[in-house]
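Taking it in order: structure first as structure tokens, then the write-up.
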Amino acid sequence: MARPADSASAAPPVTTTEILPARGWRLPALSELWRHADLVYFLAKRDVTVRYKQTAVGALWAVLQPLLLAGIFSAFLGQLTDVPSGKTPYALFALAGMTMWLFLAGAIGRCSESTLASSELISKVYFPRIVVPLAAAAAPTVDFAASFVVLVIVLVVSGHAPGPEVLLAPAVFVLALVIALGIGLWLSALVVRYRDVSLGVPFMIMVLLFVTPILYPLSLVPDGYREVYALNPLVGVLETFRWTVLPDASAPGTVLLISAATAVVLFITGLLYFARAEQRFADVI
Amino acid sequence: MAADTAITAHGIGKRYRLGALPGGLLSESIGRLLRPGRKAGDEPRGGEFWALRDVSFEIPAGQVVGLVGRNGAGKSTLLKIISRITPPTEGRAAVRGRVGTLLEVGTGFHPELTGRENVFLNGAVLGMKKREIARKYDEIVEFAGVQRFLETPVKRYSSGMYVRLAFAVAAHLEPEVLLVDEVLAVGDAEFQRRCLGKMRDVASQGRTVLFVSHNLGAISRLCERALLFERGGLAADGVPSHVIAGYMSSAGAGGATGDATVPDDAPRLGTAEGRLRRVAMASPDGEALASLHLDERFTITAEFEVHRDIPDAVFEVGLSTFAGDRILTSNSVDREHPPVRVGAGRREVTVELDAPMLPGEFAVDVGLHRSDGTTVDYVQGAMRFTALNAAREGADHYPWNAVRGYVRPRGSWSDVRPADTTPRVGDRAGG
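As they're listed, the protein sequences go chains A and B. If you read the first sequence in our numbering, its first letter stands for residue 8, the second for the next number, and so on. If you read the second sequence in our numbering, its first letter stands for residue 10, the second for the next number, and so on.
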């Protein structure tokens with residue numbers, strides 16, 4: 008049956024989709040992802056809405072968390088054990104670290120569990136599966152934006168207003184996002200195939216908290232070990248983030264370059280591994 | 010692929026590994042990697058199973074095709090491959106145009122989100138753009154009839170409202186190729202009617218539809234072609250009435266003659282709070298019958314395993330042709346007989362039908378419903394029987410070569426009178 012000519016000419020060109028057996032390693036289909044941009048948006052919106060809908064304090068929770076944690080850490084680590092924090096008061100040092108860390112921990116955790124959490128969608132509808140971990144980073148991003156504003160306010164009020172470097176903070180955030188997605192893509196794809204990976208994720212996040220200069224400065228790590236230490240990409244992000252917001256922090260050096268390089272490698276390999284693994288998600292999830 | 014072809018499939022096969030599926034535990038995979046001389050994933054533990062093997066067909070644009078077969082025959086796997094949810098293990102296929110998949114109603118609905126939010130989310134999940142959903146929003150809401158509850162979280166919706174809203178979104182998807190799995194299995198009678206109506210609309214707009222259903226009547230009404238799947242292969246392809254007749258008469262459809270045990274994987278619809286287990290035919294004296302003689306009265310006994318107390322049960326027994334057309338229906342409810350309470354356990358019910366069948370092959374459909382129209386269990390073609398062209402005593406038989414129709418109700422014919430006195434009743438006396 009022929010369709011009316013006007014609707015046929017208004018419709019987008021009809022494309023033919025080839026369906027072939029799984030191909031092993033392949034490039035991620037970015038144009039396909041672009042066609043599903045609206046789905047990323049609505050899944051992200053769902054996560055953000057649901058997160059704040061039923062909590063009594065709502066979005067306030069996002070900003071309370073870093074404040075409370077920074078308060079606890081400065082009481083125990085700053086006061087009792089006297090961890091050095093340069094010219095910056097330890098409480099502010101810890102607050103800046105916590106703000107970035109909570110984003111990283113949240114985004115890595117949520118991206119990693121995103122595929123299993125969406126198993127119903129994955130087994131019933133087709134869409135590029137990468138949509139799922141990408142959208143999962145949205146809620147932690149919104150949390151980060153809110154707590155970042157609070158961080159800047161606290162810094163200004165306490166007389167440690169950030170300098171012009173603060174304008175670079177968004178760029179540091181992008182690096183943090185690349186790292187979280189890189190790790191998240193690897194883990195969310197591995198988790199579908201190997202369920203025991205999901206048990207390891209909280210443990211890995213806890214380890215990251217200790218092998219990253221969040222509660223202590225990089226200067227505590229001895230010279231000569233810092234380059235190896237910076238292979239953990241979170242190191243460069245934390246150091247650089249503190250430099251952008253704290254007026255008295257020192258500029259990151261080679262650690263940033265090493266961490267950024269690790270981050271890019273993680274992200275690209277994560278994309279490739281995910282593109283390979285996603286083909287069989289519906290069979291094993 | 011020609012411009013007027015919507016779907017082509019060449020030698021499609023899909024293999025699943027049985028037992029622990031590929032992967033499993035990371036430690037095991039590492040173990041496999043470390044063992045020399047073997048590639049990871051090479052070992053089929055617990056064997057393998059082809060859900061689909063060597064399936065080829067071509068579907069021209071605008072054709073509405075029904076997929077029939079028992080559960081596990083490969084119908085749903087085929088839909089998943091064509092919709093790209095899962096890749097084939099071998100073979101290739103091509104689809105022209107945008108594909109909409111409806112394997113389940115309400116995929117992606119989130120209970121905490123409002124009706125409005127879920128319309129957009131579900132629309133995006135089904136492949137619609139934000140603009141497109143916004144344009145059809147009013148239509149969707151009206152179709153679902155939930156205008157007053159748009160700002161209410163769907164967790165507070167009744168199950169009927171929930172399903173209506175979910176279906177409304179899916180119904181407004183406008184793909185060139187629509188793949189629909191057994192969505193008619195949920196919802197009440199009204200919903201199923203709407204569902205079928207919408208499918209008819211979609212079909213009349215010249216879209217290509219692939220439609221899996223155990224509702225053989227719907228398949229023969231809606232589709233111009235049917236594909237029969239048996240054990241992962243394409244067993245028949247053709248006009249629905251022929252394909253369905255082949256399906257009904259094959260052992261694959263279940264339904265032995267006269268007395269049939271109904272297996273778990275028989276094509277069933279319903280909530281599964283109870284399950285039809287056995288259907289048997291007998292004479293009014295209780296003598297088992299494998300086939301019917303002319304004008305013989307008979308009873309149908311249906312045995313159910315009821316899992317949960319059903320306070321308002323309505324039983325249905327229907328006779329259909331092998332093409333899936335219902336000839337007659339008897340319900341346990343009428344003016345004098347209200348719905349009955351059926352307790353959990355093994356229950357059987359018998360109906361005596363005063364339906365003198367003409368010679369032919371018939372299928373018995375049995376259903377257990379609730380008084381609101383919800384289906385608990387319904388099996389089409391649960392049993393088959395033959396009505397013979399011979400009376401029990403041997404003297405009477407049906408004298409014409411061509412049998413027209415299915416039932417010969419007792420008629421009382423008038424004498425033949427001059428035509429100007431009374432309206433004409435019939436041309437010929439007899440019967």
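Cβ atoms here follow ideal geometry from the backbone N, Cα and C, with glycine treated the same way. Quick caveat, the model's predicted, so the values are computed rather than measured.
Under DSSP, the beta strand (DSSP E) around F394 (chain B) begins and ends at which residues?
Within the second sequence, the letter at position 385 stands for residue 394 (chain B). F394 (chain B) -> beta strand (DSSP E) spans 384-396.
In angstroms with no decimal places, state the Cα-to-Cα distance between A29 (chain A) and L236 (chain B).
As a first step, residue 29 (chain A) must be located in the first sequence, where it is residue number 22. As a first step, residue 236 (chain B) must be located in the second sequence, where it is residue number 227. Cα to Cα, the separation comes out at about 26 Å.
Between the beta-carbon of G136 (chain B) and the beta-carbon of G109 (chain B), is there less than 8 Å?
As a working note, residue 136 (chain B) is residue 127 in the second sequence. As a working note, residue 109 (chain B) is residue 100 in the second sequence. Result yes, Cβ atoms of G136 (chain B) and G109 (chain B) sit closer than 8 Å.
Going by DSSP, name the residue or residues bridged to G154 (chain B).
On the second sequence, position 145 is the one that residue 154 (chain B) refers to. Bridge partners of G154 (chain B): none, in fact.
Using a Cβ-Cβ distance under 8 Å, would V214 (chain A) count as near chain B?
One-based indexing of the first sequence puts residue 214 (chain A) at position 207. No, its Cβ sits nowhere closer than 8 Å to a Cβ of chain B.
Taking one C-beta from the stretch 173-191 of chain A and one from the stretch 232-244 of chain A each time, how about it: are there three or more such pairs within less than 8 Å?
Touching, yes.
Is the CB of I253 (chain B) under 8 Å away from at least one CB in chain A?
Taking the first residue of the second sequence as 1, we reach residue 253 (chain B) at position 244. It does not: the Cβ of I253 (chain B) has no partner Cβ on chain A nearer than 8 Å.
Chain A partners of V178 (chain B), CB-CB under 7 Å?
The residue you call residue 178 (chain B) lines up with position 169 of the second sequence. Within 7 Å Cβ-Cβ: nothing; V178 (chain B) doesn't reach chain A, min ~12 Å.
For W68 (chain A), collect the residues of the same chain with a Cβ closer than 7 Å to its Cβ; drop the 5 residues on either side in sequence, then sort them by chain order.
Taking the first residue of the first sequence as 1, we reach residue 68 (chain A) at position 61. Correct list, in chain order: T62.
In the DSSP assignment, find the beta strand (DSSP E) that holds L34 (chain A) and state where it starts and stops.
Position 27 of the first sequence, counted from the first residue, corresponds to residue 34 (chain A). No beta strand (DSSP E) contains L34 (chain A), which DSSP labels as neither H nor E.
Quick check on the burial criterion: 16 or more other C-beta atoms within 10 angstroms. Buried or exposed for R202 (chain B)?
Along the second sequence, read from residue 1 onward, the residue named residue 202 (chain B) stands at position 193. Per the 10 Å Cβ criterion, exposed.
Beta-carbon of A102 (chain B) versus every beta-carbon of chain A: anything under 8 Å?
The residue labelled residue 102 (chain B) in the question sits at position 93 within the second sequence. At least one chain A Cβ lies under 8 Å of A102 (chain B).
Excluding the 5 residues preceding and the 5 following R144 (chain B) in the sequence, name in chain order all residues of the same chain whose CB lies nearer than 8 Å to its CB.
For this step, residue 144 (chain B) is matched to residue 135 along the second sequence. Cβ neighbours of R144 (chain B) beyond the five flanking positions: none.
Does the stretch 220-227 of chain B come within contact of the stretch 57-68 of chain B, defined as at least 3 CB pairs closer than 8 Å?
Short answer: they don't touch.
Could you spell out the range, first to last residue, of the alpha helix (DSSP H) harbouring D150 (chain A)?
Numbered from 1 along the first sequence, position 143 holds the residue referred to as residue 150 (chain A). Looking at the DSSP string, the run of the alpha helix (DSSP H) that includes D150 (chain A) is 145-164.
If you check the beta carbons only, do A77 (chain A) and L102 (chain A) fall under 8 Å apart?
Here residue 77 (chain A) refers to the residue found at position 70 when the first sequence is read from its first residue. Here residue 102 (chain A) refers to the residue found at position 95 when the first sequence is read from its first residue. Taking 8 Å as the Cβ cut-off, A77 (chain A) and L102 (chain A) qualify as a contacting pair.
Quick check on G117 (chain B): does DSSP put it in helix, strand or coil?
As a position in the second sequence, residue 117 (chain B) is number 108, starting the count at 1. In the structure shown, G117 (chain B) sits in coil (DSSP, three-state: anything other than H, G, I, E or B).
For a test of the three-state rule: what should DSSP assign to Y25 (chain B), helix, strand or coil?
Residue numbering aside, residue 25 (chain B) sits at position 16 when the second sequence is read from its first letter. If DSSP states are grouped into helix, strand and coil, Y25 (chain B) belongs with the strands.
For L279 (chain A), decide whether its Cβ has a neighbour in chain B, counting only Cβ atoms nearer than 8 Å.
Position 272 of the first sequence, counting from 1, holds the residue named residue 279 (chain A). No, its Cβ sits nowhere closer than 8 Å to a Cβ of chain B.
Below 8 Å on the Cβ atoms is my guess for A322 (chain B) versus P348 (chain B); work out the distance and round it to an integer in Å.
Walking along the second sequence from the start, residue 322 (chain B) turns up at place 313. Walking along the second sequence from the start, residue 348 (chain B) turns up at place 339. Sure, about 6 Å apart at Cβ, within 8 Å.
Who are W59 (chain B)'s beta bridge partners in DSSP?
Position 50 of the second sequence, counted from the start, is the residue given in the question as residue 59 (chain B). DSSP output for W59 (chain B) lists B:R24 as bridge partner(s).
Distance cutoff 8 Å, beta carbons only. Does R53 (chain A) sit that close to anything in chain B?
Here residue 53 (chain A) is taken as the residue at index 46 of the first sequence, counted from 1. So, interface residue.
Against chain A, does R202 (chain B) count as a neighbour if the rule is that its beta carbon must be under 8 Å from one of theirs?
The residue you call residue 202 (chain B) lines up with position 193 of the second sequence. By this cut-off, R202 (chain B) is not an interface position.
What are the boundary residues of the alpha helix (DSSP H) that P240 (chain A) is part of?
In the first sequence, residue 240 (chain A) corresponds to position 233, counting from 1. Here the alpha helix (DSSP H) through P240 (chain A) covers 240-252.
Can you say whether M208 (chain B) is buried or exposed, counting buried as having 16 or more other CB atoms within 10 angstroms of its CB?
As a first step, residue 208 (chain B) is located in the second sequence; it is residue number 199 there, counting from the start. Result: buried.
Name the two residues that bound the continuous beta strand (DSSP E) containing P320 (chain B).
In the second sequence, residue 320 (chain B) corresponds to position 311, counting from 1. Per DSSP, P320 (chain B) belongs to the beta strand (DSSP E) from 319-329.
Measure the alpha-carbon distance for L188 (chain A) versus E67 (chain B) and round it to whole angstroms.
Taking the first residue of the first sequence as 1, we reach residue 188 (chain A) at position 181. Taking the first residue of the second sequence as 1, we reach residue 67 (chain B) at position 58. Computed Cα separation, rounded: 42 Å.
Mind pulling the chain B residues with CB within less than 7 Å of P28 (chain A)?
As a working note, residue 28 (chain A) is residue 21 in the first sequence. The contacting residues are P96, P97, T98, E99.
Determine the direct distance from the alpha carbon of L162 (chain A) to that of V104 (chain B), and round the result to whole angstroms.
Counted from its first residue, the second sequence places residue 104 (chain B) at position 95. Counted from its first residue, the first sequence places residue 162 (chain A) at position 155. Roughly 58 Å between the two C-alpha positions.
Are S195 (chain A) and T95 (chain A) closer than 8 Å when you measure CB to CB?
The residue you call residue 195 (chain A) lines up with position 188 of the first sequence. The residue you call residue 95 (chain A) lines up with position 88 of the first sequence. No.
Using the Cβ count rule (16 or more neighbours within 10 Å means buried), how would you classify F176 (chain B)?
Here residue 176 (chain B) is taken as the residue at index 167 of the second sequence, counted from 1. F176 (chain B) is buried by the Cβ-count criterion.
Name the chain A residues that come within less than 9 Å of E67 (chain B), Cβ to Cβ?
Here residue 67 (chain B) refers to the residue found at position 58 when the second sequence is read from its first residue. The premise fails here: E67 (chain B) is roughly 13 Å from chain A at the closest Cβ pair, so nothing lies under 9 Å.
Whether or not the stretch 160-179 of chain B and the stretch 84-99 of chain A are in contact is what I'm after, with contact meaning three or more pairs of Cβ atoms, one per stretch, closer than 8 Å; do they touch?
Contact between the stretch 84-99 of chain A and the stretch 160-179 of chain B is absent, because fewer than three Cβ pairs lie under 8 Å.
Which residues of the stretch 122-133 of chain A have a Cβ closer than 9 Å to any Cβ of chain B? Give them in chain order.
Per Cβ criterion, the list reads S125, E127, L128, I129, S130, K131, V132, Y133.
Let me check understanding here. Comparing Cα to Cα, which of A:V64, A:A142, A:F155, A:D150 lies closest to L99 (chain A)?
Here residue 99 (chain A) refers to the residue found at position 92 when the first sequence is read from its first residue. Ranking the options by Cα distance to L99 (chain A), first place goes to A:F155.
Residues in the same chain with beta-carbon distance under 7 Å from S81 (chain A), minus the five sequence neighbours each way, listed in chain order, please.
Taking the first sequence and counting its residues from 1, the one referred to as residue 81 (chain A) is at position 74. Excluding positions up to five away in sequence, the list reads Y97, A98, A101.
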